[in-house]
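Participant:
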Amino acid sequence: MQILTKRSFTLLFLGTLGVVLSYLKFFEWFSINGFDVIAGWQEGFSASIFGTGVILDLVVCAFMVFTLAFMDRKKLGWAWSLLIVLSIFTFSVSIGLALYLIKIEALRRKV
28 MQILTKRSFT LLFLGTLGVV LSYLKFFEWF SINGFDVIAG WQEGFSASIF
78 GTGVILDLVV CAFMVFTLAF MDRKKLGWAW SLLIVLSIFT FSVSIGLALY
128 LIKIEALRRK V
């Protein structure tokens with residue numbers, strides 16, 4: 028029995044890569060500015076118009092994955108839904124999206 032398909036492994040790899048790369052930048056910023064998360068958000072939104080656009084897109088993507096997990100909560104089960112939502116808000120949107128897609132793919136394979 029195969030635990031992860033090639034596609035699922037790729038999704039998990041890319042989601043994890045998103046976590047690692049973003050946290051490397053977060054830690055770099057925190058080492059310079061301290062752990063003032065509010066200042067980080069303010070800087071992200073005010074650094075440039077382009078940067079603001081990127082952050083707004085990220086916020087919308089986070090809300091989209093959250094909404095998908097909420098709408099599919101009966102299919103996913105409460106544990107997976109909670110895992111996806113918590114991963115979005117504690118780690119990164121990329122890992123939350125990867126977990127959502129992996130679970131949906133697994134459910135589709137069972138049908």
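Here the sequence shown is numbered in my numbering, starting from 28 and rising by one per residue.
We put the CB at the ideal spot given by N, CA and C, even for glycine.
Restricting to Cα atoms, I'd like to know which of N60, Y127 and A66 is closest to R100.
Facilitator: What you label residue 100 is simply residue 73 of the sequence shown in a count that begins at 1. When C-alpha distances from R100 are compared across N60, Y127 and A66, the shortest belongs to Y127.
Participant: Here's a check: name, in chain order, each residue in its chain whose Cβ is nearer than 6 angstroms to the Cβ of S121, leaving out the five neighbours to either side.
Facilitator: Walking along the sequence shown from the start, residue 121 turns up at place 94. Excluding residues within five positions, the ones whose Cβ falls inside 6 angstroms are G42 and G45.
Participant: Three Cβ pairs or more, each shorter than 8 angstroms: is that satisfied between the region 63-78 and the region 90-104?
Facilitator: no
Participant: Between which two residues does the alpha helix (DSSP H) carrying G42 extend?
Facilitator: In the sequence shown, residue 42 corresponds to position 15, counting from 1. From DSSP, the alpha helix (DSSP H) with G42 extends over K33 to N60.
Participant: Where do the ends of the alpha helix (DSSP H) carrying A74 lie?
Facilitator: The sequence position of residue 74 within the sequence shown is 47, counting from 1. Segment: none, A74 is in no alpha helix (DSSP H) and carries neither H nor E.
Participant: Please state the DSSP three-state secondary structure of S119.
Facilitator: Within the sequence shown, numbered from 1, the residue matching residue 119 stands at position 92. DSSP places S119 in coil when its eight states are reduced to three.
Participant: Could you work out which residue in K137, V86, A66 and T37 is closest to I115 when comparing CA atoms only?
Facilitator: As a working note, residue 115 is residue 88 in the sequence shown. The residue with the shortest Cα to Cα distance from I115 is V86.
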